[in-house]
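**Student:** Using the working numbering, you'd call the opening residue of the sequence shown number 356 and step up by one each time.
The C-beta atom is built at its ideal place from N, Cα and C for all residues, glycine as well.
Could you have a look at this structure, given as structure tokens, before my questions?
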Amino acid sequence: MIKLGAVVLGGMLLTTAGIVVLVQVTTNDPIDFRVVTDVLDGGAISELSIKASGPGTIYLPATALPLFNNSVVNQTRLDFDGDHSWPLLVSPWAEEVVIQVDLGPAMKTITIPVQNVSHEEMAFVSGKNVVDHMKCITQDPPDPGFASADTCGYNGRYISSELSGGLYRGAIHFRDKFRSFGLEAEIRDYRMDPDPDDPLDDFIIINVVAKKYGRSTETWIGFGAHMDVAPPVAPLPGGLPGYGTWEGALDDTSGSASIIEMARALSQIETEYSLFFGLWSSEEEGIWGSSEFVDHELSELGGEVKTYVNMDMVGIGWPGRWDNGTYYPLNGYFGGKRTSNTDVEPVPILEGFYNWSLHQWLEVPEIPVVFNLGYSTFGRSDHVSFQREGIPSGFLIGIYDNLYPEYHRIGDTFENMLDYMGGEEMMALGFDIIVWMGVMVAIYLDNDMELHQNTS
């Protein structure tokens with residue numbers, strides 16, 4: 356989107372009578388070089404166009420990734436010979452994009468201001484979308500017998516012995532959401548009957564799996580969260596459950612809505628590798644849903660899974676604060692690639708992508724986002740199903756469950772989450788962080804980028 360106005364670069368006033376902003380160069384410069392737009396959209400794809408009479412190279416900061424055929428072509432360098440243009444994916448927290456232009460004997464520095472459009476319709480990733488979707492999911496069902504991408508109310512997503520109830524209604528809604536982005540999405544169900552003589556343990560496991568095909572189907576990158584919630588047990592006086600929840604807002608409606616937003620964002624660009632997005636059921640009973648996918652369907656992908664990234668309880672973190680004023684942290688784990696029954700090979704590049712996404716790409720200014728990242732071969736969420744099969748896996752989470760008194764309780768509601776985060780605007784800002792991190796990890800992995808810069 357072109358913004359018209361005026362800007363001073365290198366001491367020269369750039370007028371914007373038309374779409375192209377002219378940058379006047381000295382008569383000693385061997386190349387007549389003209390620059391694009393006066394403002395770039397942060398958090399969206401903007402067009403960077405130039406007019407040049409000869410060859411040169413543009414060097415970009417980490418906060419502006421160029422796209423080619425709608426996929427990242429290089430982190431920092433764009434070569435040109437004559438007129439050219441590139442789409443740029445600009446960080447939502449960048450205040451300006453400073454580019455260096457090498458014209459042979461002449462070097463120029465050009466600064467382009469950035470306007471943040473994170474919560475506007477054009478945003479590539481929007482934490483507001485996640486908040487709005489959570490608000491929709493956690494409404495009381497308007498019609499218990501109906502579900503689609505356009506209706507709201509999908510609580511009570513408990514395991515069942517039938518293809519019915521809240522979990523199945525929620526699965527239909529999530530499947531239709533994926534399909535609305537142009538993705539191939541299906542509901543997959545599996546019968547689980549550990550003891551044929553016990554009718555009470557006869558369950559149907561339901562997963563929703565969406566696929567985005569890249570130029571190659573020989574390599575896949577996976578993302579997922581669990582869409583089920585902890586079922587109520589041990590009633591208290593008055594009928595309230597002592598354990599279990601109706602909404603499961605934090606655990607794990609937050610992760611499910613985040614994966615949906617990731618899928619929406621990544622569906623907008625072409626990728627080299629293929630992607631899958633899984634919303635698993637029966638995590639609360641023992642990661643049954645993701646285990647069924649890994650055991651019975653992973654091989655159907657027809658290629659190697661490069662990595663899997665999991666989101667669980669991601670809705671309470673920065674920029675929310677404790678009563679003493681300190682920020683809630685973000686937490687993450689990355690697991691290694693299993694090389695034998697006992698040995699696990701570390702994957703330091705995954706750690707680098709996590710840190711790079713938060714500290715270099717997002718470049719959140721003057722805000723202490725506490726990100727605790729550790730190596731782990733153990734866990735209590737769906738990444739474990741993939742990790743045990745030798746797939747390098749990551750896990751993103753906000754505050755830990757022992758710090759959230761509503762964990763697996765009837766009080767795990769959307770309204771309580773808003774109280775913890777200080778309102779919808781603050782919650783949307785927190786989801787901006789977590790979903791952008793997931794999306795950028797996907798882009799980096801898709802392009803086999805090497806992090807030569809400091810990732811701390």
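Which stretch, first to last residue, makes up the alpha helix (DSSP H) that contains F769?
**Tutor:** 769-776
**Student:** Would you check if the segment 663-681 and the segment 743-756 touch, i.e. whether three or more CB-CB distances between them fall below 8 Å?
**Tutor:** yes
**Student:** State the CB to CB distance for the pair I642 and K532, rounded to an integer number of angstroms; the pair is presumed to be in contact (CB under 8 Å).
**Tutor:** That belief does not hold up - the Cβ atoms of I642 and K532 are roughly 23 Å apart, past 8 Å.
**Student:** Could you name the residues of the same chain whose beta carbon sits closer than 7 Å to that of H439, not counting the 5 residues immediately before and after it, in chain order?
**Tutor:** I405
**Student:** Roughly how many angstroms separate the alpha carbons of S408 and D393, rounded to a whole number?
**Tutor:** Between the C-alpha atoms of S408 and D393 there is a straight-line separation of about 21 Å.
**Student:** Is L538 helix, strand or coil by DSSP?
**Tutor:** coil
**Student:** Within the chosen definition, does the segment 626-640 reach the segment 558-572 through at least 3 CB pairs nearer than 8 Å?
**Tutor:** yes
**Student:** For T574 versus E659, is the C-beta distance shorter than 8 Å?
**Tutor:** Contact flag set, yes.
**Student:** Between E640, D607, S446, which lies nearest to L713 when the distance is taken from Cα to Cα?
**Tutor:** For the residues E640, D607, S446, the minimum Cα distance to L713 belongs to S446.
**Student:** Roughly how many angstroms lie between the CA atoms of I467 and L621, to the nearest whole one?
**Tutor:** 26 Å
**Student:** When the Cα of I788 is compared with those of Y545, L773, A419, P684, which residue comes out closest?
**Tutor:** If we check each option's Cα against that of I788, P684 comes out closest.
**Student:** Using DSSP's beta-bridge definition, name the partner residues of N813.
**Tutor:** Past the edges of the chain, shown from 356 to 811, lies residue 813, and the structure says nothing about it.
**Student:** Take the Cβ of F501 as the centre, count every other Cβ of all protein chains shown within 10 Å, and call the residue buried at 16 or more, exposed below.
**Tutor:** The residue is exposed, with fewer than 16 neighbouring Cβ atoms inside 10 Å.
**Student:** Roughly how far, in whole angstroms, is the beta-carbon of V469 from the beta-carbon of E450, given that I think they are within contact range, below 8 Å?
**Tutor:** 6 Å
**Student:** Assuming D737 contacts E638 (C-beta within less than 8 Å), just tell me the rounded distance between them.
**Tutor:** 6 Å
**Student:** From F529 to I561, what does the alpha carbon distance come to, in whole angstroms?
**Tutor:** 12 Å
**Student:** Measure from the alpha carbon of G707 to the alpha carbon of each residue in L728, G437, V719, then state which is nearest.
**Tutor:** L728
**Student:** So who's on the other strand from W441, going by DSSP bridges?
**Tutor:** DSSP lists L403 as partners of W441.
**Student:** Relative to the alpha-carbon of D892, which residue among T418, S519, L403, L444 has its alpha-carbon at the smallest distance?
**Tutor:** Given that the chain is displayed from residue 356 to residue 811, the structure contains no residue 892 and the question cannot be resolved.
**Student:** Give every residue of the same chain whose Cβ lies closer than 6 Å to the Cβ of Y509, excluding the five residues on either side of it in the sequence, and list them in chain order.
**Tutor:** I492, R524, G525, H528
**Student:** Along the chain, where does the alpha helix (DSSP H) that runs through G734 open and close?
**Tutor:** Neither: G734 is in no alpha helix (DSSP H) and is coded neither H nor E.
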